[in-house]
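Participant: In case it helps, mature numbering (1 follows the signal peptide of the UniProt record, and there is no 0) puts the sequence shown at residues -20 to -1, 1 to 662.
One structure, as structure tokens, below. Some questions next.
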Amino acid sequence: MRRTLVSLCVIQAISQAAWADQVTAGQPSVELQNIDIQGAANAETAQGPVEGYRATRSASATRTDTSLHETPQSVSVVTRDAVEDIGSTRLQDALDYAGGVGRANNFGGQGLTTFTVRGFTTGEFYRNGFPINRGYPNMPDANTIERLEVLRGPATTLYGRGDPGGTFNVVSKQPLAERKVTLGSQLNDQGMKRGTLDASGPLDDEGRFAYRLNVVGEGGDTFRDHVETERYGVAPVLSWEVNDATRITFEGDFMRNNAPLDRGLTRYANQASTASRDTFFGEKSVGKLHNDNNMAQLRFDHDLNADWKLGGGVQLLDGSLQGNAIEANGLAADGRTLGRNFNYRKLEWTDRDVQLNLTGHFSAGGFDHTLLTGVEYEDYDYKSIIQRSSGAVGAYPIDIFNPVYGQARPALTRTTTHDKENLKTWAAFVQDQVALTERLKLLGGVRLERFEHDYDSFLPGTSSWTASDNAVTPRVGLSYDLTDTIAVYANTARSFKPNSGASRLGGGFKPEEGKSYEIGTKWEALEGQLSVDAAIYQIEKRNVLTTDPVDSTFSVAAGEVRSRGLDLNVVGNLTPEWRMMGSYAYVDAEVTKDNTLRSGTRLMNIPEQTFSLLNVYEFQEGALRGLGLGGGGRYVDQRAGRHRQCRLFDGQLHRVRPAGLLQGQPAREAQPGPEERLRYRV
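The structure is reproduced here in structure tokens:
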């Protein structure tokens, strides 16, 4: 089964026009020579806004302000204009058009979305270079985003532990030099209402103090029966230009998200048929899960001189997810009666991250260098408790085809999770970008990282464990300009990610280790108005957890998987009026070593092919000037729903648009039970 998502949009842009006084008849006139003035304030930077869809610079792949054309890695930038044209309210809406990015688990509609990139599930999200995926956070609201950048392949050398498929970096809206206030509103045919505020400007006459304030309020019904959601957020940014050499920025994001835990539809082997996609298997009276997230960043930049700059900052994250919910136990023999459990959970987390970077430009050995060095420290704490009612298949039943709501809540009779953990990391890295010739560029870097992971479980019969390790993650890339508009590149990189859990012997596991190889080409077509990028790659990952052959209730870090494929991305303007984003991705991802799965088994939830296209035509002249008409579509190939003889296929649930699909990726917080792999998670 294949799914295609199509959306249509009508966009009206507000343009400014300027009029000059007409020359009085008979008045002498002087013809002036045309002068092309490009102000530095309007030039694109790696952290700033982009006009249109095509970005030319990025800091995510190198942590320096580098041309994308010279970056030896596949990088996509979803600009603010694209976010607005799509009508995005969530990051996942924008990532639908980022190229080769698929939706995975979103933790029952809570917005804690993970994605698939190049065959691997990843939740590696950063905001202005700081990690924001710790705990169970809600992703930043689209109203706060200036640009969203996708790094394909490992980014561990610069960002530390993570999956080898890809990494996302959100660049926030920053204060503007001129006063501007924008009010926005949205509603849909399901009853959702949304209002936004975006205000910015200077706070003093000299413009050394400036602010930006983004506010969002959202609430209402969804297409799912008895499922109502609420979302409120405030994101202030204050900047202070202390002097010509020093800049300090404070940024906060305070989000409150209230939504029922809605796992979506089920698909069991003995299920009579598929229930209506509108059907909710919970109870409205149970209430919502309350997801509170607080983020604060304090960043600084200081120019030591014209060539060297010191930068860094501190980030504090604090969050919680708590409330009541209902989840499935299993399906009765009649193929329609679903057993459920009522549960309560309280999850809390804090994360502290400190970064310090030094960037310099110099010449040595006859070559020009851009050198980046940095150190980082992170301290992450997490604790949780989850209590549930009976897990029997016949408990708290509901008919999935003719649900009757209003049953009394069963008692909480068991505690399935009660634990805490702490993860500390220390890291140092160095990177050098070298211009070997005018056309040949070399990038090399290495990161040294140590982590210490402590886990304590308070349940009877469970184990606590401690794990620590050191990791060295290098990367090397080369870029060569064949012409002024066509470049070819190659890179190789390593990654690592700590494994969770305890082995049969009571100790922790070795971390997952990945290695990647990539070659590609970048073409600036139509006089630089259109970018065409293509890449082929192979990624291998080992120390993946698999069943312990001695005791199947435990795991061992002995599995291996491999992914190889092709990415093709096109973005920019075909004409001054016609802008577009298009992508195609082919992925061949499979198990190469496992104690239970056959070699060659396709990885779950990974489509072999995906395609997306967004087109907008905006009139530039006449009475329709500023009016844009656009359309977008996305195709997702079939995906394996489980690793057994039966294969289940579906797609992704799209909250705003009428067309949508469901996902089959295992949840981060899974219920116990032998049928776990049969359930779909939304």
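We put the CB at the ideal spot given by N, CA and C, even for glycine.
Following the continuous alpha helix (DSSP H) through residue 36, name the residue where it begins and the one where it ends.
Facilitator: Reading the sequence shown from its first residue, position 56 is the one you call residue 36. Unbroken run through residue 36: none, as it is neither H nor E.
Participant: Three-state secondary structure (DSSP) at residue 40?
Facilitator: Taking the first residue of the sequence shown as 1, we reach residue 40 at position 60. Looking at residue 40 - three-state DSSP - the assignment turns out to be coil, as it is neither helix nor strand.
Participant: With burial defined as no fewer than 16 other Cβ atoms inside 10 Å of the residue's Cβ, what is the status of residue 387: buried or exposed?
Facilitator: For this step, residue 387 is matched to residue 407 along the sequence shown. Exposed, since its Cβ has fewer than 16 Cβ neighbours within 10 Å.
Participant: When the Cα atoms are used, what is the spatial distance from residue 608 to residue 600?
Facilitator: Against the sequence shown, residue 608 aligns to sequence position 628. Against the sequence shown, residue 600 aligns to sequence position 620. Cα to Cα, the separation comes out at about 9 Å.
Participant: Taking residue 666 as the reference, give the member of 476, 574, 361 and 203 with the closest Cα.
Facilitator: As shown, the chain starts at -20 and ends at 662. That puts residue 666 outside it, with no answer to give.
Participant: What are the partner residues of residue 447, as DSSP defines its beta bridges?
Facilitator: Residue 447 sits at position 467 when you count from the first residue of the sequence shown. Paired residues: 433.
Participant: Is residue 421 helix, strand or coil by DSSP?
Facilitator: Residue numbering aside, residue 421 sits at position 441 when the sequence shown is read from its first letter. Residue 421: strand per DSSP, three-state reduction.
Participant: Suppose you measure from the CA of residue 618 to the CA of residue 497; what does that come to, to the nearest Å?
Facilitator: Stepping through the sequence shown from its first residue, residue 618 is reached at position 638. Stepping through the sequence shown from its first residue, residue 497 is reached at position 517. Near 26 Å, if we compare the C-alpha coordinates of residue 497 and residue 618.
Participant: Could you tell me which residues DSSP pairs with residue 373 in its beta bridges?
Facilitator: For the purposes of this step, residue 373 is taken as the residue at position 393 of the sequence shown. None; residue 373 has no bridge partner.
Participant: By alpha-carbon positions, which one of 454, 468 and 37 ends up nearest to residue 460?
Facilitator: Here residue 460 refers to the residue found at position 480 of the sequence shown. Checking every option, the nearest Cα to that of residue 460 belongs to 468.
Participant: Looking at the secondary structure, which residues open and close the alpha helix (DSSP H) in which residue 139 lies?
Facilitator: The residue given as residue 139 occupies position 159 in the sequence shown. From DSSP, the alpha helix (DSSP H) with residue 139 extends over 136 to 139.
Participant: By Cβ distance, which residues of its chain are closer than 8 Å to residue 465, with the 5 residues on each side in sequence left out?
Facilitator: Stepping through the sequence shown from its first residue, residue 465 is reached at position 485. These residues qualify, in order along the chain: 503, 504, 505 and 508.
Participant: Expressed to the nearest angstrom, what Euclidean distance is found between the alpha-carbon atoms of residue 263 and residue 270?
Facilitator: What you label residue 263 is simply residue 283 of the sequence shown in a count that begins at 1. What you label residue 270 is simply residue 290 of the sequence shown in a count that begins at 1. So the alpha carbons of these two residues sit roughly 16 Å apart.
Participant: Just to confirm before moving on: does the CB-CB distance between residue 403 and residue 356 stay below 9 Å?
Facilitator: Sequence index remark: in the sequence shown, residue 403 carries index 423 (1-based). Sequence index remark: in the sequence shown, residue 356 carries index 376 (1-based). Contact: no.
Participant: Drop a sphere of 10 angstroms on the beta-carbon of residue 389, count the other beta-carbons inside from all chains shown, and report buried for 16 or more, exposed for fewer.
Facilitator: Position 409 of the sequence shown holds residue 389. The residue in question, residue 389, is exposed, as its Cβ has fewer than 16 Cβ neighbours within 10 Å.
Participant: I'd like the list of long-range same chain contacts for residue 428, defined as Cβ closer than 8 Å, with 5 residues on each side in sequence excluded.
Facilitator: Position 448 of the sequence shown, counted from the first residue, corresponds to residue 428. Taken in chain order, the residues that qualify are 407, 408, 409, 450, 451 and 452.
Participant: Which value, in whole angstroms, describes the spacing of the CA atoms of residue 352 and residue 335?
Facilitator: Position 372 of the sequence shown, counting from 1, holds the residue named residue 352. Position 355 of the sequence shown, counting from 1, holds the residue named residue 335. Taking the straight line from one Cα to the other gives about 13 Å.
Participant: Straight-line CA distance for residue 38 to residue 515?
Facilitator: Here the question's residue 38 lines up with position 58 in the sequence shown. Here the question's residue 515 lines up with position 535 in the sequence shown. Rounded to the nearest angstrom, the two C-alpha atoms are 18 Å apart.
Participant: When you compare the region 535 to 551 with the region 564 to 583, are there three or more beta-carbon pairs, one atom per stretch, that lie closer than 8 Å?
Facilitator: Contact holds: three or more Cβ-Cβ distances are below 8 Å.
Participant: To which residues does DSSP link residue 246 through a beta bridge?
Facilitator: As a working mapping, residue 246 is identified with position 266 in the sequence shown. DSSP lists no partner for residue 246.
Participant: Just confirm the distance between the C-beta atoms of residue 379 and residue 316, as a whole number of angstroms; I'd bet it's less than 8 Å.
Facilitator: By one-based count along the sequence shown, residue 379 stands at place 399. By one-based count along the sequence shown, residue 316 stands at place 336. The pair is a contact, with the Cβ atoms about 6 Å apart (cut-off 8 Å).
Participant: Inspect the beta-carbon positions of residue 168 and residue 209 and report whether they are closer than 9 Å.
Facilitator: Start at 1 with the first residue of the sequence shown, and residue 168 comes out as number 188. Start at 1 with the first residue of the sequence shown, and residue 209 comes out as number 229. Cβ distance not < 9 Å, so residue 168 and residue 209 don't count as in contact.
Participant: Threshold first: 4 residues or longer. Then list the alpha helix (DSSP H) segments lying entirely within the region 65 to 95, N to C.
Facilitator: If we require 4 residues or more, the alpha helix (DSSP H) runs fully inside the region 65 to 95 come out as 71 to 75.
Participant: Give every residue of the same chain whose Cβ lies closer than 6 Å to the Cβ of residue 426, excluding the five residues on either side of it in the sequence, and list them in chain order.
Facilitator: Taking the first residue of the sequence shown as 1, we reach residue 426 at position 446. Cβ within range, chain order: 454.
Participant: Throw me the rounded Cβ distance for the residue 200 and residue 172 pair, which I believe falls under 8 Å.
Facilitator: Position 220 of the sequence shown holds residue 200. Position 192 of the sequence shown holds residue 172. Confirmed, about 4 Å.
Participant: Is the region 83 to 103 close to the region 582 to 592, with three or more CB pairs under 8 Å?
Facilitator: Result yes; three or more Cβ-Cβ pairs closer than 8 Å.
Participant: Following the continuous beta strand (DSSP E) through residue 106, name the residue where it begins and the one where it ends.
Facilitator: Here residue 106 corresponds to residue number 126 of the sequence shown, with the count starting at 1. First-last of the beta strand (DSSP E) with residue 106: 105 to 107.
Participant: Among the candidates 565, 604, 611 and 577, whose CA atom is the shortest distance from the CA of residue 589?
Facilitator: Stepping through the sequence shown from its first residue, residue 589 is reached at position 609. It is 565 whose Cα lies nearest to the Cα of residue 589.
Participant: If you pair each beta-carbon of the region 179 to 192 with each one of the region 153 to 164, do three or more pairs fall below 8 Å?
Facilitator: A contact exists between the region 179 to 192 and the region 153 to 164.
Participant: So, at 8 Å on beta carbons, what are the nonlocal neighbours of residue 486 in its own chain, with the 5 sequence-adjacent residues on each side left out?
Facilitator: For the purposes of this step, residue 486 is taken as residue 506 along the sequence shown, with counting starting at 1. So the list reads 443 and 445, once near-sequence residues are dropped.
Participant: Just to confirm my understanding: we take residue 260, look at its own chain, exclude 5 residues before and 5 after, and list those with CB closer than 7 Å. What are they?
Facilitator: By 1-based counting over the sequence shown, the position of residue 260 is 280. Contacts found: 204, 205, 206, 207 and 242.
Participant: Can you list, in chain order, the residues of its chain with a C-beta nearer than 8 Å to that of residue 579? Leave out the 5 residues immediately preceding and following it.
Facilitator: Here residue 579 refers to the residue found at position 599 when the sequence shown is read from its first residue. Only 570, 571, 572 and 573 meet the Cβ criterion.
Participant: Secondary structure at residue 264, three-state DSSP: helix, strand or coil?
Facilitator: Looking up residue 264 in the sequence shown gives position 284. If DSSP states are grouped into helix, strand and coil, residue 264 belongs with the helices.
Participant: Could you name the residues that DSSP lists as bridge partners for residue 513?
Facilitator: By one-based count along the sequence shown, residue 513 stands at place 533. 502 and 549, per the DSSP bridge assignment.
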